[in-house]
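Undergrad: Numbering (our numbering), first residue to last: 1116 to 1511.
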Amino acid sequence: MTKRIAFLALLLSGCATAPEAGPAASRAHKDFLVLDTHLDTPLHFARPGWSFAGHHDPATDLVQVDMERMDAGALDGGFFAIYTEQGPLTSKGYADALAYARGRSDLIDTTLAKFPDKIGRALTPDDALRLSREGKLIAFKSMENSYELGEDLSLLKEFYDRGVRLAGPVHAANNQFADSSGDRPKWNGLSPLGRKWVAEMNRLGMVIDASHSSDATFDQMLELSKTPLLLSHSSGRWAFDHPRNLDDGRIRKLAAKGGAICVSTIFLANMNMTPERAALFSQYEHIADLAPEAQVELAHKWRELDKTQPIWAADFERYMAMVLHVIKVAGVDHVCFGADWDGGGGLPGIEDISALPKVTERLRAAGYSDRELDKMWSGNILRIVGEAQRYAAVIH
Ligand SMILES: [Zn+2]
1116 MTKRIAFLAL
1126 LLSGCATAPE
1136 AGPAASRAHK
1146 DFLVLDTHLD
1156 TPLHFARPGW
1166 SFAGHHDPAT
1176 DLVQVDMERM
1186 DAGALDGGFF
1196 AIYTEQGPLT
1206 SKGYADALAY
1216 ARGRSDLIDT
1226 TLAKFPDKIG
1236 RALTPDDALR
1246 LSREGKLIAF
1256 KSMENSYELG
1266 EDLSLLKEFY
1276 DRGVRLAGPV
1286 HAANNQFADS
1296 SGDRPKWNGL
1306 SPLGRKWVAE
1316 MNRLGMVIDA
1326 SHSSDATFDQ
1336 MLELSKTPLL
1346 LSHSSGRWAF
1356 DHPRNLDDGR
1366 IRKLAAKGGA
1376 ICVSTIFLAN
1386 MNMTPERAAL
1396 FSQYEHIADL
1406 APEAQVELAH
1416 KWRELDKTQP
1426 IWAADFERYM
1436 AMVLHVIKVA
1446 GVDHVCFGAD
1456 WDGGGGLPGI
1466 EDISALPKVT
1476 ERLRAAGYSD
1486 RELDKMWSGN
1496 ILRIVGEAQR
1506 YAAVIH
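#1: Quick one: residues with CB closer than 7 Å to any heavy atom of ligand 1, in chain order, please.
#2: Figure out for me which residue from 1322, 1215, 1274, 1278 has the closest Cα to the Cα of residue 1242.
#3: Could you have a look at residue 1494 and say whether DSSP puts it in helix, strand or coil?
#4: Count the other C-beta atoms from every protein chain shown that fall within 10 angstroms of the C-beta of residue 1415, then say buried if there are 16 or more, exposed otherwise.
#5: With a threshold of 16 other CB atoms inside 10 Å of the CB of residue 1513, please say whether the residue is buried or exposed.
#6: Are the region 1229 to 1244 and the region 1483 to 1501 touching, with three or more C-beta to C-beta distances below 8 Å?
#7: Answer with buried or exposed for residue 1137, where buried requires no fewer than 16 other C-beta atoms within 10 angstroms of its C-beta.
#8: Quick one: what's got a C-beta closer than 6 Å to residue 1433's C-beta in the same chain, skipping five residues either side?
#9: Identify whether residue 1248 lies in helix, strand or coil by the three-state DSSP scheme.
#10: Apply the 10 Å Cβ neighbour rule to residue 1189 and answer buried if 16 or more other Cβ atoms are within range, or exposed otherwise.
#11: Closest to residue 1150 by CA distance: which of 1311, 1192, 1461, 1405 is it?
#12: Taking 8 Å as the CB-CB limit, is residue 1267 close to chain B?
#13: Quick check on DSSP: helix, strand or coil for residue 1215?
#14: With DSSP as the reference, label residue 1275 as helix, strand or coil.
#15: Which runs of the alpha helix (DSSP H) fall wholly inside the region 1164 to 1250 and span at least 4 residues, in chain order?
#16: Going by DSSP, which residues form a beta bridge with residue 1473?
#17: Can you tell which of 1388, 1476, 1269, 1293 has the C-alpha that lies nearest to the C-alpha of residue 1319?
#18: So what's residue 1254 in DSSP terms, helix, strand or just coil?
#19: With DSSP as the reference, identify every bridge partner of residue 1487, one or two as the case may be.
#20: Residue 1316 by DSSP, collapsed to three states: which one?
#21: Considering only residues of the region 1385 to 1468, which uninterrupted beta strand (DSSP E) runs meet the minimum length of 3 residues and lie entirely inside it, listed in chain order?
#22: Who are the Cβ neighbours of residue 1171 in its own chain at under 7 Å, not counting the five residues just before and after it?
#23: Express the C-alpha separation of residue 1476 and residue 1299 in angstroms, rounding to a whole number.
#24: Measuring only the C-alpha atoms, how far is residue 1403 from residue 1397?
#25: Look up residue 1295 in the DSSP assignment and give the residues it is bridged to.
#26: Which residue from 1375, 1472, 1381 puts its Cα closest to that of residue 1428?
#27: Using only the alpha-carbon positions, how far apart do residue 1399 and residue 1372 sit?
#28: Span of the alpha helix (DSSP H) holding residue 1481?
#29: Just tell me which of 1236, 1385, 1328 has its CA closest to the CA of residue 1247.
#30: Whose CA, out of 1387, 1155, 1420, 1143, lies closest to the CA of residue 1254?
#31: Per DSSP, residue 1376 forms a beta bridge with which residues?
This is the structure in structure tokens:
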């Protein structure tokens, strides 16, 4: 058992008093178990002829996560998201979304199944530790938006059975479950069905993801949930006053109830969504529908636009300033990382996952120990996944 796994196993058993001294106090980035809680990479899995294992040049391919870069020591794995675009709150809308989400879930499975020696599916914290011991990458599954469930909460169990262990109620627009941070209040938080969604998430042992939720939705889920919340890809309002970000008071309340905020690279400044960028973004969201040459063309145009109209007026320095602030407010037991790779994340200086070692360097320079880095890179996430699962096991 390697030192990192031994310590993470201790952390998960609730006896995290591993000694700090000795050579273990200066591990390299690659020696930590590094997880990211929100990977939109399945968007690329759908591209005909594209391989998760291949080398992808950022100049000609917009993907930010592939196994080659993960293997380089930057990222051990994380939560691969079933993102479902929201349509009308009608039975037809729900049925279309459900078919889409099932397809996305299957796509994640078939993609990962191509590389059984390199990456494995994780359903529990122990699975993650085992895969790491075996030298494999780790793939949890998550759901971004629960719109596809329609009004039938029994479908949540279907997605649990499909391997989903983390889910949020809502995306950028209000839906049948909750108000979104990107919309005007409709329910003033959770709808009556949304309250039942929280209870069903708890009952199944799934972690509730509060990223994209409105403040009121966050407050109500924090109050109702029997297990800690996770924010899979959110920034702090300290960096930029935007409803998508969490304010310091709520970060403290989240931490007080055992939850964690996985810090993203988005909304550190206003989103510069010019008409040119919006046009490219909508192509990007459906990149699998483009011919290979058109995909390369899209990457070229995207990179060119980055030079004159960057999406975010922020960079790695600004990102690290916010990360350090969030750590100060939440404490090291309540911080994790979810940059929003392949979903709009990345900034100059932290363009893709190969930049992650720089984050470790900065955290170390700020005085954080191996033990603290263990918690922030994966220990806190695995603890929260474990707490949700233990609660479900106890009530059953
Ligand atoms: Zn998102």
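Ideal placement from N, C-alpha and C gives every residue a C-beta, glycine not left out. Computed from a predicted model, the values in this text were never measured in an experiment.
TA: According to the structure shown:
#1: Listed by position along the chain, the residues with Cβ atoms less than 7 Å from a non-hydrogen atom of ligand 1 are 1153, 1259, 1286, 1326, 1327, 1348, 1455, 1458.
#2: 1278
#3: helix
#4: exposed
#5: In the structure as shown, the chain starts at 1116 and stops at 1511, and residue 1513 therefore has no counterpart that could be examined.
#6: Segments in contact, yes.
#7: At residue 1137, the pLDDT of 43 sits below 50, so the modelled position is not reliable and the matter cannot be decided from this model.
#8: 1383
#9: helix
#10: buried
#11: 1192
#12: The structure shown contains no chain B; it holds only a single protein chain.
#13: helix
#14: Correct three-state label for residue 1275: helix.
#15: 1206 to 1228, 1240 to 1248
#16: Answer is none; residue 1473 lacks a bridge partner.
#17: 1269
#18: strand
#19: None, per the DSSP bridge assignment.
#20: helix
#21: 1450 to 1452
#22: 1178, 1181
#23: 40 Å
#24: 12 Å
#25: 1328
#26: Shortest Cα-Cα distance from residue 1428 to any of 1375, 1472, 1381 involves 1381.
#27: Straight-line Cα distance between these residues: approximately 37 Å.
#28: Residue 1481: not part of any alpha helix (DSSP H); DSSP gives it neither H nor E.
#29: 1236
#30: 1155
#31: Its beta-bridge partners are 1346, 1450.
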